Amino acid sequence: MDLWSHCENPYPFVPNEVLQAADSVRAALPNRYCDPMIASRLFDEIFDEHALCDDLGINIVTTEHHAGINNLCGANPLVTAIVARITKKAKILSLGTLVTVRQDPVRVAEEYATLDVISKGRLQIGFVKSGGTEMASGDANPVRLRQREWEAIDLIEKALTSHDGPFSWEGQFFTHPHVNIWPRPWQQPRPDFWAATSDLPTCAELGRRGMVNTLLFGGYDKTKLAFDAYRRARSEAGLPPPGEDRFAYLGFCYVGDTDEEALRIGQKIAWFVTVSLKASPQYNKFLPGQIAPEMVPKAWRSGTGRAPTDLRAESLVTQGQMFAGNPDTVARQIKEFRRRVGGLGGLIMMTRQGLVTHAEAEKSYRLAAAEVLPQLQDLDRLEPVEQPDPLVAASP
Amino acid sequence: MKVERAQVQGVDLEVIRGGDGPTVVLLHGPTVYSPVAPFLALLGRSASIVAPSHPGCGGSTRPDDFDTVYDLVHFYQDFLDALPDEKVTLIGCSFGGWLATEIAVNYGHRLEQLILVDPVGIKVRGREERDIVHHFNTAPDELARRAWHDPAKQRPGQFGLGWQQHLDAMSDEEMVVLARGWDALCLYAWRPHLFNPKLKHWLHRISVPTLLLWGASDQIVTPAYGRAYADLIPGSRFELIPEAGHHPELEQPEALVERVVRFLNGS
Numbered sequence: 001m002d003l004w005s006h007c008e009n010p011y012p013f014v015p016n017e018v019l020q021a022a023d024s025v026r027a028a029l030p031n032r033y034c035d036p037m038i039a040s041r042l043f044d045e046i047f048d049e050h051a052l053c054d055d056l057g058i059n060i061v062t063t064e065h066h067a068g069i070n071n072l073c074g075a076n077p078l079v080t081a082i083v084a085r086i087t088k089k090a091k092i093l094s095l096g097t098l099v100t101v102r103q104d105p106v107r108v109a110e111e112y113a114t115l116d117v118i119s120k121g122r123l124q125i126g127f128v129k130s131g132g133t134e135m136a137s138g139d140a141n142p143v144r145l146r147q148r149e150w151e152a153i154d155l156i157e158k159a160l161t162s163h164d165g166p167f168s169w170e171g172q173f174f175t176h177p178h179v180n181i182w183p184r185p186w187q188q189p190r191p192d193f194w195a196a197t198s199d200l201p202t203c204a205e206l207g208r209r210g211m212v213n214t215l216l217f218g219g220y221d222k223t224k225l226a227f228d229a230y231r232r233a234r235s236e237a238g239l240p241p242p243g244e245d246r247f248a249y250l251g252f253c254y255v256g257d258t259d260e261e262a263l264r265i266g267q268k269i270a271w272f273v274t275v276s277l278k279a280s281p282q283y284n285k286f287l288p289g290q291i292a293p294e295m296v297p298k299a300w301r302s303g304t305g306r307a308p309t310d311l312r313a314e315s316l317v318t319q320g321q322m323f324a325g326n327p328d329t330v331a332r333q334i335k336e337f338r339r340r341v342g343g344l345g346g347l348i349m350m351t352r353q354g355l356v357t358h359a360e361a362e363k364s365y366r367l368a369a370a371e372v373l374p375q376l377q378d379l380d381r382l383e384p385v386e387q388p389d390p391l392v393a394a395s396p
Numbered sequence: 001m002k003v004e005r006a007q008v009q010g011v012d013l014e015v016i017r018g019g020d021g022p023t024v025v026l027l028h029g030p031t032v033y034s035p036v037a038p039f040l041a042l043l044g045r046s047a048s049i050v051a052p053s054h055p056g057c058g059g060s061t062r063p064d065d066f067d068t069v070y071d072l073v074h075f076y077q078d079f080l081d082a083l084p085d086e087k088v089t090l091i092g093c094s095f096g097g098w099l100a101t102e103i104a105v106n107y108g109h110r111l112e113q114l115i116l117v118d119p120v121g122i123k124v125r126g127r128e129e130r131d132i133v134h135h136f137n138t139a140p141d142e143l144a145r146r147a148w149h150d151p152a153k154q155r156p157g158q159f160g161l162g163w164q165q166h167l168d169a170m171s172d173e174e175m176v177v178l179a180r181g182w183d184a185l186c187l188y189a190w191r192p193h194l195f196n197p198k199l200k201h202w203l204h205r206i207s208v209p210t211l212l213l214w215g216a217s218d219q220i221v222t223p224a225y226g227r228a229y230a231d232l233i234p235g236s237r238f239e240l241i242p243e244a245g246h247h248p249e250l251e252q253p254e255a256l257v258e259r260v261v262r263f264l265n266g267s
C-alpha cells in the first residue's frame with residue numbers, strides 16, 4: 001500500500017470574531033483578511049513538507065478549492081508544477097483542478113501533459129465534481145454538473161491520447177474545433193485517472209473505466225458500499241476484478257510517539273469541520289441541481305447532515321475518519337480499514353490541517369514513513385467478500 | 001381557476017386556465033403560481049387566463065435538450081400557434097417578463113398587447129454595476145428582503161423569491177415543485193445571469209402597446225432599471241405600484257389587476 005500526503009494549505013489566521021460574523025467563510029469572505037506575507041510563509045512550509053515527503057517515500061496529493069480559509073491552492077496546476085520540479089521520485093496526484101468550473105478542458109489537458117513531462121511521468125490526474133461555494137467563485141452552473149464533468153474528462157482524455165494532429169470536439173457542454181496539445185504526456189497512453197466520489201452510480205462508472213476511486217472521510221460503511229459498487233460494475237461488465245491499487249481513501253491522520261500525543265494533536269484537525277466548512281445555505285442546502293427534487297423534502301427537513309457531529313479525535317478514529325496514534329496503532333487502524341472495505345491501495349493522510357503546525361506535520365510524516373509504511377507492505381491477500389448490489393442495498 | 005394539461009411539441013404542459021374575456025397568456029417568474037392566488041381570480045373577472053408552467057417548472061415536463069431561454073422562447077411561439085386566438089395579450093412577470101419581451105421582439109404579430117411586471121432580461125448599467133440580484137448566490141433572507149415590500153406577506157402558494165425561508169409552512173409536494181422550478185431556472189438563466197446581452201438592441205422592434213408595471217420597493221431589479229427598460233420600448237407606459245416589491249401580483253393583487261384591466265380596456 002502507498003501512503004500519500006495531502007495538504008489543503010488552510011489559512012487559520014482570520015480573527016474568530018470575523019469568522020463568527022460571516023455567513024460564509026468560503027466564496028464571500030473578503031480577501032483583505034488574507035495576509036500575503038502569512039500566505040507566502042505557508043506556501044514555503046507546504047512545499048518543504050512536500051519535499052520532505054518525497055525524500056521519505058510518501059506520495060503527494062495537491063488539491064484545489066477557491067476563495068476560502070480552508071485552502072489557498074486555488075490554482076492547482078501552478079502548485080502542482082512547483083511540486084513536480086522540487087521532487088524527484090514521489091508520485092504526484094492532482095486532485096484536481098476543478099474541471100466543472102474550468103471553461104476549457106483542452107487547456108486543462110495541456111497543463112496536465114506539461115506537468116507529466118516536467119515530473120518525468122510521475123503525474124496522476126484526479127477529478128472532483130466540486131459544488132457548493134465553488135459554483136459561485138467559479139461562476140459555474142451547478143445544474144448538470146456531473147454530466148459536464150464526464151464530458152470534460154472525455155475531452156481531456158482524448159486530448160492526452162491523440163497524437164495525429166488536430167481533432168474536433170462538438171459536445172453538449174464544450175466545443176473546440178482544433179485540439180492538438182503540445183507537449184504530449186510522458187506516460188503512455190496517459191497518466192492514471194482518479195476520481196473522488198461516493199456517489200454509487202459514479203463509482204460504478206469509475207469501475208467500468210478502471211479509474212482509481214477515492215473517498216474523502218467516508219468512514220467504513222460508505223466506503224465499502226462505494227467500492228462494492230465499483231467491483232460489481234466491473235463484474236457485470238465482464239471486466240477483470242480490480243486490483244487494490246484502484247481504491248484509495250483520504251482521512252485525517254496523525255502519527256505521534258504515543259497514542260496520547262497523536263490524539264491531542266489530531267484534535268487540532270477538527271477546525272476543518274468546525275470552522276472551515278461554514279457556508280451560507282444558498283451554497284449548500286439550496287444549491288440547485290444537487291439532489292433529485294423528489295428527495296428534497298427529506299433532505300431539507302433533516303438538514304444537510306453531511307459533516308460529522310462528534311468531533312472528538314477518538315470518535316473520528318472509531319468512525320474510520322481519522323487514523324491517529326503511535327506508529328503501531330496507526331498501522332493497525334489502516335490495516336483494519338483495508339480489511340473492512342475489502343481492499344485499499346492508497347491511504348491519503350490529511351495531516352497538515354486545521355491548527356496542526358508545520359513542525360507537527362513533519363514529525364508525523366517522518367514517523368509514518370519510517371514506522372507505518374513498512375507495516376503496510378506485502379499484506380496478506382484479503383478473502384473475497386460477498387458483493388450485494390450496493391445500488392439496491394442503498395435504496396430506502 | 002382550473003389546472004389542465006396540454007401537449008405542445010413534446011412537452012406535457014401544466015396550464016392554469018380560468019376567467020372570462022379576451023385571452024391573456026401569463027408567464028410566471030421564479031416560482032409558479034398557485035391556482036388559488038388572489039390576483040388570478042381578480043384578473044379572471046376581465047380576462048380568460050392561460051398560465052402555463054414553464055417546461056421543467058411546476059408539473060410541466062422538460063425535454064432533455066431544453067436548457068436555454070432560446071428554447072423557451074421558441075417553445076412559447078409554438079404554444080401561441082396552438083391557441084385558437086389570432087392574437088393574445090401577453091403578461092410576463094420577472095423571469096417570465098424576459099420571456100415575454102423576447103417573444104414580443106420575435107413574434108409580435110401574435111400579440112394584441114404586452115404587459116411586463118418587474119421583468120429581467122436586459123443589461124442596463126456598466127460592467128461593474130449589477131442590475132439584477134443574483135438569485136442563486138444570494139442568501140434566502142436577503143432575497144426575501146429585497147423582493148418584498150413586506151416579507152411577512154409571503155404565504156403558501158405565493159412565496160416568490162426568498163421561498164427558502166418558509167420550509168416549515170410547506171407541504172412535501174410544494175417543496176418538490178419549488179425545487180424543480182429552482183433547478184430549471186438555474187439551468188436556463190445561470191449565465192449571463194437573467195439577461196440576454198443582445199436584447200436591449202432589439203427592443204425597438206416591439207410594436208404592440210406595452211405597459212411596464214413595477215413594484216416601487218423592488219430591490220431585485222429597481223424601478224430605475226424598469227424606467228430604462230421602458231425607455232427602450234417605443235411608446236411604452238411605465239407605472240409604479242406602491243408598497244410592492246418584485247412580485248406585485250402576489251403582494252398587491254388589487255392594485256396590479258386594476259392597472260392591468262385598465263390597460264386591457266385601452267385606457
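Protein chains in written order, with the working numbering: chain A, 1 to 396; chain B, 1 to 267.
All residues carry an ideal CB built from backbone N, CA and C; glycine is no exception.
Just so it is clear, the structure is predicted and the values come from calculations on it, not from any experiment.
When 7 Å is used as the limit between beta carbons, B/Ala-179 is near these residues of chain A: Pro-293, Val-296, in chain order. From the beta-carbon of B/Val-221, no residue of chain A is found nearer than 9 Å; the closest lies around 19 Å away. Bridge pairing for B/Ile-16: B/Val-3, B/Ala-51 [DSSP]. Scanning chain A for C-beta atoms nearer than 7 Å to the C-beta of B/Asp-172 yields Pro-297, reported in chain order. When Cβ pairs closer than 8 Å are counted between the two stretches, the stretch 49-61 of chain B is seen not to touch the stretch 222-235 of chain B, the count staying below three. The C-beta of A/His-50 has 16 or more other C-beta atoms within 10 Å across all chains shown, which makes the residue buried. Using a Cβ-Cβ cut-off of 7 Å, A/Val-143 is close to Asp-183, Cys-186, Leu-187 of chain B, given in chain order. In this model, A/Lys-335 and A/Gly-219 are separated by some 14 Å (Cα to Cα). Any Cβ of chain A closer than 8 Å to the Cβ of B/Thr-138 would place that residue at the interface, and such an atom is present.
Scanning its chain for C-beta atoms nearer than 8 Å, with the 5 sequence neighbours on each side dropped, one finds around B/Glu-239 the residues Leu-211, Leu-212, Leu-213, Trp-214, Arg-259, in chain order. For B/Ala-228 and B/Phe-95, the gap between their C-alpha atoms comes out near 17 Å. Per DSSP, the unbroken alpha helix (DSSP H) holding B/Asp-172 starts and ends at 172-189.
Closest in C-alpha terms to B/Met-1, from the list B/Phe-79, B/Asp-141, B/Lys-153, B/Glu-14, comes B/Glu-14. Bounds of any alpha helix (DSSP H) do not take in B/Tyr-33, whose DSSP letter is neither H nor E. Under the three-state reduction of DSSP, A/Asn-9 is assigned to coil, being neither helix nor strand. Between A/Ala-109 and A/Ile-156, the C-beta spacing is below 8 Å. When C-alpha distances from B/Leu-27 are compared across B/Trp-98, B/Arg-262, B/Pro-192, the shortest belongs to B/Trp-98. When the beta-carbon positions are compared, A/Leu-93 and A/Asn-70 stay at least 8 Å from each other. Annotation: Cβ neighbours of A/Pro-281 in chain B (cutoff 8 Å, chain order): Ala-139, Pro-140, Gln-164. In the structure shown, A/Ala-370 falls within a helical segment according to DSSP collapsed to helix, strand and coil.
Under a 10 Å Cβ-count criterion, B/Gly-44 is classified as buried, with 16 or more other Cβ atoms of the shown protein chains found around its own Cβ. By the neighbour-count definition (other C-beta atoms within 10 Å, threshold 16), A/Gln-147 is an exposed residue. The C-beta distance from A/Met-349 to A/Cys-253 rounds to 4 Å, short enough to meet the 8 Å contact threshold. The C-beta separation of A/Thr-114 from A/Pro-183 comes to about 6 Å, placing the pair in contact by the 8 Å criterion.
Contact annotation, A/Pro-166 with A/Val-179: C-beta distance approximately 6 Å; criterion of less than 8 Å satisfied. Beta-bridge partners of A/Phe-323 (DSSP): A/Cys-253.
Counted as a single uninterrupted DSSP element, the alpha helix (DSSP H) harbouring A/Met-135 occupies residues 133-137. B/Thr-138 is the residue among B/Pro-197, B/Thr-138, B/Glu-249 whose C-alpha sits nearest the C-alpha of A/Pro-288.
DSSP places A/Thr-161 within a helical segment (H, G or I) once states are collapsed to three. Under a criterion of Cβ atoms nearer than 8 Å, the residues of chain B adjacent to A/Arg-301 are, in order, Leu-167. Across the structure, A/Arg-107 and A/Cys-203 are spaced so that their CA atoms are roughly 26 Å apart. Taking a cut-off of 8 Å on C-beta distances, the stretch 96-105 of chain A does not touch the stretch 257-275 of chain A, as fewer than three cross pairs fall below it. A/Asp-23 belongs to the set of residues whose beta carbon lies under 8 Å from a beta carbon in chain B. Under the three-state reduction of DSSP, A/Asn-59 is assigned to strand. Counting only the Cα atoms, B/Arg-130 lies some 45 Å from A/Ala-361. At a cut-off of 8 Å between beta carbons, B/Trp-148 makes no contact with chain A.
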